[in-house]
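Student:
Protein chains in written order, with my numbering: chain A, 1149 to 1421; chain B, 9 to 263; chain C, 12 to 267.
1. Tell me which residue opens and which closes the alpha helix (DSSP H) that residue 253 of chain B is part of.
2. Using 8 angstroms as the cut-off, can you tell me whether the segment 170-189 of chain C makes contact with the segment 117-124 of chain C, which would need three or more C-beta pairs spanning the two stretches below that distance?
3. Give the residues of chain A in contact with residue 171 of chain C, contact being defined as C-beta atoms less than 7 angstroms apart.
4. Can you check whether the CB of residue 1369 of chain A is closer than 9 angstroms to the CB of residue 1217 of chain A?
5. Looking only at its chain, what residues have a beta carbon closer than 6 angstroms to the beta carbon of residue 291 of chain B, apart from the 5 residues adjacent to it on each side?
6. Rank A:1295, A:1391 and A:1344 by C-alpha distance to the C-alpha of residue 1204 of chain A and give the top, closest one.
7. Quick one: using the 10 Å Cβ neighbour count with 16 as the cut-off for buried, is residue 1388 of chain A buried or exposed?
8. In chain order, what residues of the same chain lie with their CB nearer than 8 angstroms to the CB of residue 1376 of chain A, ignoring the 5 residues before and after it?
9. When the Cα atoms are used, what is the spatial distance from residue 245 of chain C to residue 104 of chain B?
10. Could you give the DSSP three-state label for residue 1176 of chain A: helix, strand or coil?
11. Go ahead and pull the three-state DSSP assignment for residue 1168 of chain A.
12. Say whether chain C places a C-beta atom closer than 9 angstroms to the C-beta of residue 257 of chain B.
13. Using the beta-carbon of each residue, which ones in chain C are nearer than 7 angstroms to residue 1306 of chain A?
14. Run the CB neighbour count on residue 1173 of chain A, radius 10 Å, all protein chains shown included, and call it buried at 16 or more, exposed below.
15. I believe residue 1300 of chain A touches residue 1220 of chain A by the beta-carbon criterion, under 8 angstroms. Please report the beta-carbon distance rounded to the nearest angstrom.
16. Can you list, in chain order, the residues of its chain whose CB lies under 6 angstroms from that of residue 227 of chain C, leaving out five sequence neighbours each side?
17. Excluding the 5 residues flanking residue 192 of chain C on each side, which residues of the same chain have their C-beta closer than 8 angstroms to its C-beta?
18. Assuming residue 185 of chain B and residue 260 of chain B form a contact by the criterion Cβ under 8 angstroms, report the distance between their Cβ atoms to the nearest whole angstrom.
19. Taking DSSP's pairing of strands, which residues face residue 148 of chain B in a bridge?
20. Under 8 angstroms, with one C-beta from each stretch per pair, do the segment 1226-1243 of chain A and the segment 1302-1318 of chain A reach the 3-pair mark?
21. Please give the ranges of any alpha helix (DSSP H) in the segment 1296-1358 of chain A, keeping only runs that are unbroken, at least 4 residues long and fully inside the region.
22. Which complete alpha helix (DSSP H) runs does the segment 104-135 of chain C hold, if anything under 4 residues is left out?
23. Which whole runs of the alpha helix (DSSP H) in the segment 44-71 of chain C are 4 residues long or more, in chain order?
24. Can a CB atom of chain C be found closer than 9 angstroms to the CB of residue 12 of chain B?
25. Name the residue from A:1194, A:1171 and A:1240 whose alpha carbon lies nearest to the alpha carbon of residue 1411 of chain A.
26. Among A:1196, A:1182 and A:1264, whose alpha-carbon lies nearest the alpha-carbon of residue 1207 of chain A?
27. Go ahead and label residue 1151 of chain A buried or exposed: buried means 16 or more other beta carbons lie within 10 angstroms of its beta carbon, across all protein chains shown.
28. Using the C-alpha atoms, what's the distance from residue 1333 of chain A back to residue 176 of chain B?
29. Let me check understanding here. Comparing Cα to Cα, which of C:47, C:153, C:249 and C:73 lies closest to residue 210 of chain C?
30. Check for me: the alpha helix (DSSP H) holding residue 1217 of chain A runs from which residue to which?
31. Buried or exposed for residue 1341 of chain A, please, with buried defined as at least 16 other CB atoms from any protein chain shown within 10 angstroms of its CB.
32. Specify whether the segment 54-67 of chain B and the segment 139-157 of chain C touch according to this definition: at least 3 beta carbon pairs, one from each stretch, less than 8 angstroms apart.
33. How many angstroms separate the CA atom of residue 132 of chain C from the CA atom of residue 258 of chain C?
34. What residue range does the beta strand (DSSP E) around residue 1412 of chain A cover?
35. Determine the DSSP secondary structure at residue 1160 of chain A, reduced to helix, strand or coil.
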């Protein structure tokens, strides 16, 4: 991949929490390098505590890595880059005292979008996620799936090139996840955003991603990258295809030992990931 | 700042807290010595130095002992009454719904306004102080106990019943152990209430109690001894609170 | 079916409450009129009522009420200002919270009114000592709830706002403040209630004026009926003030 095509370049990023020798010392991420192409959807998958969320935060400038650096759109990442990168978190990122519409507009206010554009952009992104009728509802009045749609709408309205999603469907039930996954695929076929998506779900990774980066147990590093050659928007039929099953099995084989390793590790040293 | 010193301080906020307290004492010391008329405020160094003199003032140790006695009696009675009433009301939904609003109403009244009545009723001796302490402490305990009973998760009762537990068994093995932390929380609030009630009554009128001496030291413009006496009382209050708080923590470990 | 049972139960509890009230009044009346309880201890309820009407009509309560209310609002203004500001700055890092919160909580756990003699020694018997004590006591619930409010803002919301480019001011105005407001408002309500109690309390204990002081004066003059009338008056004033503050708190919470 040439420098021109790479939307995100991750160069030798590693991260640890605490100081060596302390009880809270954790090597979250070991030397990780990766180029992410413009317009691709890359999934990060791995066992708990393997550093995938840490890597996502580093890419987005929410965390400064202990080692290495990230370049986004040719610029080094030194802090949040709201013009280039938008986040979708797992939950609790919507402001409960604002309506859906107000939440979307607030995001634009923070980014610095001129007030005159707020109305149009908000309308557009709410339509894109199918929440037009719920613009004046409060998050507490919405289901989990709808809340995440709202969070996505807020991110979309910022019109960034890059979207970072940290287990956005992790708190939802399986059926909602399926629907949202299909809708996300349709949405993304219509834009050319670069998306990095952290998930625990094997099926979700294969269904959504162009490439899947499989992480090892802590300290995490990319064990293998699997390519999913299937055009977007992905149809529901893809899930039942042989290609899907083969890919999912491959992921399972790669991950199974890492997951076992992680569980054994946390039994030995309780206190969490 | 030296890096290892910085790390030490970061890991021991208690030390920094102590430093803050010392800083306040130093500011107080300077203000009292150089900035303010010594008739109205005493520097901590002199207060500490004269603690012995306060203790030796005739009647002070007896007054402190008396206060402790009043606190103990008021606390014991409040606990017993508060627990009994709290359980009786808390365990019966109808009783709770009818009686609790009354109790909450009474609890919210500024009881200090009827302190003169207590004095008239019970005299200026220890009895009125004990009575006033009881009224403050009992309500607090009742409210805490009732709250404790209320937050017992119904699912626990359901699962006990599904395993065939009798009413008595549920009381003994589910409700009672559940109530222990609330009981101790209630005692903590009760202690706060009793401290307030007894000390208020003492400060109002006292012939041989600490109120007598605070008045005496105030009228004689003896800030050193006054600060000293108040400090002793504060220490007593802190100690009592701490005892009850530790008991609460020890018995609430499963929370 | 369940709703009818509910309705019956509510009626039942209301009945008990009303019964309690009537019972107390009845006992009171009997005690003074039939059972010969000493008038110097428990005045005739009718006399108390008459005295109350007299107090209200004559406006005798006005100067004392003015003093008490002035002390209250001055004290609360001070504690609200300092409490929220100090609380906000303490809440900025985990570390400062760990250093200062136990300090404030510890001091608040003892009856600070104990320090009244010190305040009287320094400020005298006038309103200044009441204001100082009231402000000091009500400072603590306000600072503690401010720390709790700002300190417990969901980290994800803060991170999300930061990732969208929120400035410090925007973060405070659109994220921190609305998130913390319910807790802070409840702390302000508690601070107000506590200030009121502290002020009336210190007026009873050591003062030259104010409602609390007037009650003591009447007690010392053995004017029991009028004293009871004043107590009732003060209780109603306190309940009203607290009620208004609770309403304001509820309104404030609903706004957001």
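Cβ coordinates follow ideal geometry from the N, Cα and C atoms, glycine included.
Tutor: On the basis of the supplied data:
1. Where residue 253 of chain B is concerned, the enclosing alpha helix (DSSP H) stretches over 231-259.
2. no
3. 1235, 1237 and 1241
4. no
5. A query on residue 291 of chain B cannot be resolved here, the shown segment of chain B reaching from 9 to 263 and no further.
6. A:1344
7. Answer is exposed; the Cβ neighbour count stays below 16.
8. 1354, 1357, 1358, 1359, 1360 and 1395
9. So the alpha carbons of these two residues sit roughly 28 angstroms apart.
10. strand
11. coil
12. no
13. 175
14. exposed
15. That pair is no contact at about 20 angstroms.
16. 215
17. 160, 263, 264 and 267
18. Not really, about 11 angstroms apart at Cβ, beyond 8 angstroms.
19. Its beta-bridge partners do not exist; DSSP assigns none.
20. Because the criterion of three Cβ pairs below 8 angstroms is met, the segment 1226-1243 of chain A and the segment 1302-1318 of chain A touch.
21. Every alpha helix (DSSP H) of 4 residues or more that sits fully in the segment 1296-1358 of chain A is shown, in chain order, as 1322-1337 and 1350-1356.
22. Within the segment 104-135 of chain C, the complete alpha helix (DSSP H) runs of at least 4 residues are 105-119 and 127-134.
23. At a cut-off of 4 residues, the continuous stretches assigned as alpha helix (DSSP H) that sit fully inside the segment 44-71 of chain C are 56-69.
24. no
25. A:1194
26. A:1182
27. With a pLDDT of 49 at residue 1151 of chain A, under the threshold of 50, the modelled position of this residue cannot be trusted; read the value that follows with caution. Residue 1151 of chain A is exposed by the Cβ-count criterion.
28. Their backbone Cα atoms lie some 59 angstroms apart in a straight line.
29. Taking the Cα of residue 210 of chain C as reference, the smallest distance to any Cα among C:47, C:153, C:249 and C:73 is reached at C:249.
30. That residue, residue 1217 of chain A, is in no alpha helix (DSSP H); its beta strand (DSSP E) goes 1215-1220.
31. buried
32. no
33. Looking at the backbone, the Cα of residue 132 of chain C and that of residue 258 of chain C are separated by about 37 angstroms.
34. Looking at the DSSP string, residue 1412 of chain A is not in any beta strand (DSSP E); the run it does join, the alpha helix (DSSP H), is 1390-1416.
35. strand
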